[in-house]
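**Q** Everything in the sequence shown is counted per the UniProt record's numbering, starting at 1 for the first residue and increasing by one. First the structure, which I've put down as structure tokens, then a few questions once you've had a look.
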Amino acid sequence: MSDNWSPKRLVGVLEKCVRTTRKNNDIYGTPKKSTRPWRPRKLTNRDQNSLFIQFKNVKISRETVRRFLTSKGIGTYTALKKPLLTASDRIKRLKWCNERLNWTIERWGMVIFNHESNFEVFNRKSRVLVKRLKKEKYDTRFVIPTLQGGGGSAGIWGRISSKGTGCCRIYEGRINQHNFWI
Numbered sequence: 001m002s003d004n005w006s007p008k009r010l011v012g013v014l015e016k017c018v019r020t021t022r023k024n025n026d027i028y029g030t031p032k033k034s035t036r037p038w039r040p041r042k043l044t045n046r047d048q049n050s051l052f053i054q055f056k057n058v059k060i061s062r063e064t065v066r067r068f069l070t071s072k073g074i075g076t077y078t079a080l081k082k083p084l085l086t087a088s089d090r091i092k093r094l095k096w097c098n099e100r101l102n103w104t105i106e107r108w109g110m111v112i113f114n115h116e117s118n119f120e121v122f123n124r125k126s127r128v129l130v131k132r133l134k135k136e137k138y139d140t141r142f143v144i145p146t147l148q149g150g151g152g153s154a155g156i157w158g159r160i161s162s163k164g165t166g167c168c169r170i171y172e173g174r175i176n177q178h179n180f181w182i
């Protein structure tokens, strides 16, 4: 091929670009590279075509699909909202538990447990429905992580110890080191 008739000259692109485009088309079935080439699809084109041919004339209702999924143990559940725990948070919690593994009843008797429950006033999040197996309740794929902060809130704070319950306070906003009660 003479220099006057090269792909670069005819189309205005390098020959390497043409080769790459043809290669991508052969591999991925499209001129563009796959967005995630490291994760192959579970179903090949042949599998997809086979399923399509097998079920293309089958008319089923949404209720039939729901009953089928339920029979296989997949239901609709509200996703849990739990505090976002990083790997280091999990390690710290495990370390804390292991340090107190052999505490005596007397030692635990000196501990005061306190707890607060916040209720968001603004920016309340609506529930999110997920399809999952019943036993997958705490699977991170089906849990919505929550972070502290957000819209205005009110809450209740209380404490307990081996001597019984302590005071209970209702408050606005958040508790921090300046408005914490002992």
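Ideal Cβ positions, reconstructed from N, Cα and C, are used throughout, including at glycine.
Using the rule of at least 16 other Cβ atoms within 10 Å of the residue's Cβ for burial, across every protein chain shown, is R19 buried or exposed?
**A** Answer is exposed; the Cβ neighbour count stays below 16.
**Q** Is W108 buried or exposed, if buried means 16 or more other CB atoms sit within 10 Å of its CB?
**A** Label assigned to W108: exposed.
**Q** Straight-line CA distance for N176 to S161?
**A** In a straight line, the C-alpha of N176 is about 21 Å away from that of S161.
**Q** Please report the residue range of the alpha helix (DSSP H) in which E63 lies.
**A** Here the alpha helix (DSSP H) through E63 covers R62 to S71.
**Q** Between G73 and K134, is the Cβ-Cβ spacing less than 8 Å?
**A** Contact: yes.
**Q** State yes or no: is the C-beta of K82 within less than 8 Å of the C-beta of V143?
**A** Yes.
**Q** On the DSSP bridge list, what partners appear for K114?
**A** Looking at the sequence shown, residue 114 is not Lys but Asn. Bridge partners of N114: R159.
**Q** Answer with buried or exposed for W103, where buried requires no fewer than 16 other C-beta atoms within 10 angstroms of its C-beta.
**A** W103 should be labelled exposed.
**Q** If you count every other CB in all the chains shown that lies within 10 Å of the CB of W157, and 16 or more means buried, which is it?
**A** That one is buried.
**Q** If you compare alpha carbons, which of G155, R62, K16 and D139 is closest to L80?
**A** Among G155, R62, K16 and D139, the Cα nearest to that of L80 is on D139.
**Q** Can you tell me which of R39, E136 and G155 puts its alpha carbon nearest to the alpha carbon of T78?
**A** If we check each option's Cα against that of T78, E136 comes out closest.
**Q** Looking at the secondary structure, which residues open and close the alpha helix (DSSP H) in which G29 lies?
**A** Neither: G29 is in no alpha helix (DSSP H) and is coded neither H nor E.
**Q** I'd like the list of long-range same chain contacts for I170, defined as Cβ closer than 6 Å, with 5 residues on each side in sequence excluded.
**A** Same-chain partners within the cutoff: I156.
**Q** Tell me whether R90 sits in a helix, a strand or coil according to DSSP, three-state version.
**A** Residue state, collapsed to three classes: helix.
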